[in-house]
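A.B. asks: Keeping their order, the protein sequence lines are chains B and E. The first sequence begins at 3 in our numbering and counts up by one. The second sequence begins at 593 in our numbering and counts up by one. Here a beta-carbon is modelled for each residue, glycine too, at the ideal position from N, C-alpha and C. Quick one: the structure is below, and I'll ask about it shortly.
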Amino acid sequence: MLAGYCVVTYIFGVGDRHHDNLMLKSDGKFIHIDFGFCFGCDPKPFPPPFKLSPYMVDAMGGMASEHYTKFKEYCCEAYNRIRTHVNTLLSLVALMLDSQLQSIVDGEKCIKKVQENCCVELGDEEAARLFMLLINKSASALFAQVTDRLHDWKQYWFH
Amino acid sequence: MTSTTVPMKLAFRTDSGDIYRLLFKYGDDVRQDMFFLHMLSYIDYQLRKENLDLRLTPYRVLAVSRKHGMVEWVTAAPISKIIQDHGNIRSFLALHNANPSGPLGLSPVVVDNFLRSCGTQLPPSVSPSFVCQSRWLTWNSGVVLRCGVVLM
């Protein structure tokens with residue numbers, strides 16, 4: 003869900019996205035919390051490009067619904083608009099390279115990751131097409147569903 | 593929500609008589625959260641200037657050391673709990689915003705919030721400090737009090 007967070011978490015390679023880290027307000031606003039894993043770090047193997055679980059697709063009325071189409075349009079628009087600010091974002095990340103944050107182990111790799119995820123060399127239409135592919139990939143990420151289920155069991159047994 | 597580090601929930605009364613809630617964390621390094629949320633509020637600020645509102649929620653985080661930090665309290669429920677209690681996301685939203693004539697039986701604003709995903713109508717600030725922002729605090733606590741239910 004939701005367009006804004008899908009795009010932003012994809013660009014910064016935010017990991018560890020499970021159902022305890024995603025929140026929903028009663029007015030429908032969606033929130034991600036806990037950003038302990040960024041720039042492609044993830045405690046679980048084979049993470050999807052971003053979090054789009056079947057529950058979220060279902061809440062939009064399923065993959066065939068007009069809301070899902072609208073969601074994809076928002077995603078592509080947001081992606082292209084954020085791409086225009088990529089240089090500022092990269093400078094901000096570059097400022098943090100010496101900070102010894104837990105996800106910034108190899109500074110160059112972090113910068114490269116953000117650059118890659120923004121696909122700076124692509125035009126708007128190509129980038130939109132690429133993001134559509136990523137949405138489909140995330141929505142059908144079977145492995146992520148398995149790890150989600152495992153995570154739920156773990157929470158159940160240990161808390 | 594359970595947490596191994598046992599954060600503390602604090603409530604402060606603001607100048608205007610409202611209540612500002614925050615979570616004080618011990619044992620967690622919130623510096624990275626702080627960095628990411630600055631990025632998020634920067635993106636939100638830029639896109640709003642271009643008239644694209646993605647309804648993001650750049651909540652405030654302030655790290656005071658590598659092991660201590662404060663996080664703004666956001667009134668929301670984790671998806672895992674929603675699924676556990678309501679079965680799916682739509683029935684949770686329908687509980688608060690049912691509208692039989694709207695899309696998916698929900699009020700149109702809520703569906704739009706959900707699709708764009710997330711956020712406040714506040715001017716996001718890149719400043720890590722949330723002291724001296726009493727106008728913002730007033731607005732925020734209003735929302736917290738209106739929402740009422742704390743599901744965390």
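Please identify the residue among E:706, E:690 and E:638 whose C-alpha is closest to the C-alpha of residue 699 of chain E.
C.D. replies: Numbered from 1 along the second sequence, position 107 holds the residue referred to as residue 699 of chain E. If we check each option's Cα against that of residue 699 of chain E, E:690 comes out closest.
A.B. asks: How about residue 670 of chain E: is its C-beta nearer than 8 Å to some C-beta of chain B?
C.D. replies: Here residue 670 of chain E refers to the residue found at position 78 when the second sequence is read from its first residue. With 8 Å as the cut-off, residue 670 of chain E counts as an interface residue toward chain B.
A.B. asks: Hey, residue 668 of chain E and residue 27 of chain B: beta-carbon distance below 8 Å or not?
C.D. replies: Taking the first residue of the second sequence as 1, we reach residue 668 of chain E at position 76. Taking the first residue of the first sequence as 1, we reach residue 27 of chain B at position 25. Yes, the pair counts as a contact, with Cβ atoms nearer than the cut-off.
A.B. asks: Applying the criterion that 16 or more other CB atoms from any shown protein chain within 10 Å of the CB defines a buried residue, is residue 15 of chain B buried or exposed?
C.D. replies: Locating residue 15 of chain B in the first sequence gives position 13, counting from the first residue. It counts as buried.
A.B. asks: Please confirm whether residue 628 of chain E and residue 37 of chain B have their CB atoms less than 8 Å apart.
C.D. replies: Taking the first residue of the second sequence as position 1, residue 628 of chain E is located at position 36. Taking the first residue of the first sequence as position 1, residue 37 of chain B is located at position 35. Cβ distance < 8 Å, so residue 628 of chain E and residue 37 of chain B count as in contact.
A.B. asks: Use the C-beta contact count for residue 64 of chain B: other C-beta atoms within 10 angstroms, 16 or more gives buried, fewer gives exposed.
C.D. replies: Sequence index remark: in the first sequence, residue 64 of chain B carries index 62 (1-based). Looking at its Cβ environment, which holds fewer than 16 other Cβ atoms inside 10 Å, residue 64 of chain B is exposed.
A.B. asks: When DSSP builds the beta bridges, which residues end up paired with residue 662 of chain E?
C.D. replies: Locating residue 662 of chain E in the second sequence gives position 70, counting from the first residue. Paired residues: E:616 and E:654.
A.B. asks: Which residue comes first and which comes last in the alpha helix (DSSP H) that contains residue 673 of chain E?
C.D. replies: Mapped onto the second sequence, residue 673 of chain E falls at position 81. From DSSP, the alpha helix (DSSP H) with residue 673 of chain E extends over 671-678.
A.B. asks: When the Cα of residue 128 of chain B is compared with those of B:81, B:24 and B:11, which residue comes out closest?
C.D. replies: One-based indexing of the first sequence puts residue 128 of chain B at position 126. If we check each option's Cα against that of residue 128 of chain B, B:81 comes out closest.
A.B. asks: Listing by chain order, which chain E residues have their CB less than 8 Å from the CB of residue 80 of chain B?
C.D. replies: Your numbering for residue 80 of chain B matches position 78 in the first sequence. Those are 639, 644 and 646, listed as they occur along chain E.
A.B. asks: So for residue 626 of chain E, helix, strand or coil by DSSP?
C.D. replies: Position 34 of the second sequence, counted from the start, is the residue given in the question as residue 626 of chain E. The answer is helix: DSSP assigns residue 626 of chain E an H, G or I state.
A.B. asks: Could you have a look at residue 33 of chain B and say whether DSSP puts it in helix, strand or coil?
C.D. replies: The count along the first sequence starts at 1 and reaches residue 33 of chain B at position 31. Correct three-state label for residue 33 of chain B: strand.
A.B. asks: Check whether the Cβ of residue 611 of chain E lies closer than 8 Å to any Cβ atom in chain B.
C.D. replies: As a position in the second sequence, residue 611 of chain E is number 19, starting the count at 1. It does not: the Cβ of residue 611 of chain E has no partner Cβ on chain B nearer than 8 Å.
A.B. asks: Under 8 Å: do the segment 109-126 of chain B and the segment 56-74 of chain B share three or more Cβ pairs, one atom per stretch?
C.D. replies: These segments do not touch.
A.B. asks: Please report whether the beta-carbon of residue 28 of chain B lies at a distance below 8 Å from any beta-carbon of chain E.
C.D. replies: Start at 1 with the first residue of the first sequence, and residue 28 of chain B comes out as number 26. Answer yes: the Cβ-Cβ gap between residue 28 of chain B and chain E drops below 8 Å somewhere.
A.B. asks: Do the segment 30-47 of chain B and the segment 595-612 of chain E meet, that is, are 3 or more Cβ pairs less than 8 Å apart?
C.D. replies: No contact exists between the segment 30-47 of chain B and the segment 595-612 of chain E.
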